[in-house]
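Start counting the sequence shown at 8; every next residue gets the next number (this note's numbering).
See structure below.
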Amino acid sequence: MKRKRTGLLKKVQWRAECIAFLVLERVLHLVPLASLWRAGTALSGLARFLPSRRRIVRSNLRTVLGPGASKEEIESLTRNVFRHTAANLLTSLKGAHMPLEEIRSALQIEQQEVAERALSRKKGILILIPHMGNWEFLAQAMAAFRPDIKIAAVYRPLNNIYLDKVLRERREKNGMKLFAKLRSYHAPIRFLKDKQSLGLLVDQRAGQVGTRTPFFGRLMSMTPLPAFIQRRTGCPVIGISMRTSAPGRWTLKFHEPSQREDETFTVAHMAALIEEVIGESVVDEFWMQDLWRINKYRPLELSGKTGPVRLARDRDKPLHPFSVLVRAPDQPERFAETIPALSALAASRPDMDLHLFAREIIRQPAAEAGVRHAFHPLEDDRLPEFLEFAIVLTGRELAARELARLYSGPIYCPPVTAQSRHTWFPMAVDESLPADQRWLQTLRSLGMHDPPVEWEYV
8 MKRKRTGLLK
18 KVQWRAECIA
28 FLVLERVLHL
38 VPLASLWRAG
48 TALSGLARFL
58 PSRRRIVRSN
68 LRTVLGPGAS
78 KEEIESLTRN
88 VFRHTAANLL
98 TSLKGAHMPL
108 EEIRSALQIE
118 QQEVAERALS
128 RKKGILILIP
138 HMGNWEFLAQ
148 AMAAFRPDIK
158 IAAVYRPLNN
168 IYLDKVLRER
178 REKNGMKLFA
188 KLRSYHAPIR
198 FLKDKQSLGL
208 LVDQRAGQVG
218 TRTPFFGRLM
228 SMTPLPAFIQ
238 RRTGCPVIGI
248 SMRTSAPGRW
258 TLKFHEPSQR
268 EDETFTVAHM
278 AALIEEVIGE
288 SVVDEFWMQD
298 LWRINKYRPL
308 ELSGKTGPVR
318 LARDRDKPLH
328 PFSVLVRAPD
338 QPERFAETIP
348 ALSALAASRP
358 DMDLHLFARE
368 IIRQPAAEAG
378 VRHAFHPLED
388 DRLPEFLEFA
398 IVLTGRELAA
408 RELARLYSGP
418 IYCPPVTAQS
428 RHTWFPMAVD
438 ESLPADQRWL
448 QTLRSLGMHD
458 PPVEWEYV
């Protein structure tokens, strides 16, 4: 994949960034590892200047811990995540200049027999890696313990071409081969077929090219690449975790997927394995990515190319609800016009949790409509927490304002009801269509799956 041509000013900026990075690395190299870890935890207090990142971390942890977690528990864990993230980042910068024997002395290894068992099959090993712990040590861990094994990784080239060159050459000097992401995967597959080891970072959103699967109980698009490579090569798959055991010391642990001999490795198996890996130390995982981000323009869409796929043994496990609030019309005859749209919405995806908001007079018609929902009467003057967003299915401006009085999150509405606030998003409404088809088409324009997406069990 060719890079775009870069202007002179951008190149000057990148070179300055690279020089600053190298200077910082050299300074940090003089500080003992344990002291550097403690300094990182102290610097984590600066997180109060990153309110958007704190919101992302809290949201991610709320998913991981489940609905039973209290606000106090989530807030305490959020502080610990920032402490460990800052400490792991600083020590990673020092780790880039440490020889393998020093890295080895800072690590303790658990369940090494998992890796040895995979190696004994002599088919190469696919190693699934999260953004966890000291990233530099994690990248070099296998080389530190088994220098006889050739290791490669698929990586995303940095935008900064000078820094990318430095980091790439450094990794290759330590014996790691790098394959650029988004290029052909023939080379990594050939590498594995030569009985070598390949590492893949997999705890990220894969967007439209991914496979939908539950991850910590919440549907997410995850990369299908490990499952694809495993099918092509027949190699064993293992996971690797890293948890902080003391300031400047970490425990490395190998994990096997929970999979029968006759089962094909799938994205669902990968998600379950990474859940186990991250469960070793939730605070050492990098939670700054908005893993379950909603598409601003198509909020009803479940991102991904295929799926949702799920392990058959998890069929009865509850999903994290995708809670959507709909401001329904207050007139029974107008509400009847929204029923086709509401029925399609409730069935559109398996995690849909539909909430209706209207006057009490609509409760009975809503119950008789046969649409699975929770009803919230306007007269109660309150709404539940943790709603993803709201949709206005009425052309009355007053009804939209009544919603806004109780709900401050994103609101998608017909243009005639839109308010001049940054959380209001006008949606396409085709007035030429009959009313019952108009609202159906409007929800489709927001990404509603029609026909609905359905489970594939493995």
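Even glycine gets a Cβ: it sits at the ideal position worked out from N, Cα and C.
- Non-local beta-carbon contacts of M183 in its own chain, meaning distances under 8 Å to residues more than five positions away in sequence, involve A146, Q147, A150, I158, A159, A160 in chain order.
- By DSSP's assignment, W257 forms a beta bridge with L114, T251.
- Per DSSP, I134 is one residue of the beta strand (DSSP E) stretching across 132-136.
- Taking the Cα positions, L84 is about 44 Å away from L15.
- Taking the Cα positions, I236 is about 14 Å away from K188.
- H138 sits buried, since 16 or more C-beta atoms from the chains shown fall within 10 Å of its C-beta.
- Per DSSP, the continuous alpha helix (DSSP H) segment holding A49 begins and ends at 40-50.
- For L390 and A411, the gap between their C-alpha atoms comes out near 11 Å.
- Closest in C-alpha terms to V274, from the list F152, L135, D291, comes L135.
- Collapsing the DSSP output to three states places P441 in coil.
- In the DSSP assignment, P347 falls outside any beta strand (DSSP E) and within the unbroken alpha helix (DSSP H) covering 339-354.
- Taken through DSSP and simplified to helix, strand or coil, C420 comes out as strand.
- When C-alpha distances from N141 are compared across R239, V290, C25, the shortest belongs to V290.
- L199 places its beta carbon less than 7 Å from that of G131.
- In the DSSP assignment, V30 falls within the unbroken alpha helix (DSSP H) covering 15-36.
- The DSSP-derived three-state label of A159 is strand.
- When the Cα atoms are used, P458 and R370 turn out to be separated by approximately 27 Å.
- Using a Cβ distance threshold of 7 Å, S248 and E287 count as a contacting pair.
- The segment 250-261 makes contact with the segment 33-50: 3 or more CB pairs, one atom from each, lie closer than 8 Å.
- G206 counts as buried, since no fewer than 16 other beta carbons sit within 10 angstroms of its beta carbon.
- At a cut-off of 3 residues, not a single continuous stretch assigned as beta strand (DSSP E) sits fully inside the segment 270-319.
- The segment 201-221 and the segment 93-110 do not touch, with fewer than 3 CB-CB distances between them shorter than 8 Å.
- Minimum Cα-Cα distance from S265 among the listed residues M455, Q338, A279 corresponds to A279.
- In this structure, V209 places its C-beta atom within 7 Å of the C-beta atom of I281.
- In the structure shown, the three-state DSSP call for M455 is coil.
- Segment contact: the segment 21-38 against the segment 165-178, three or more CB-CB distances shorter than 8 Å; contact assigned.
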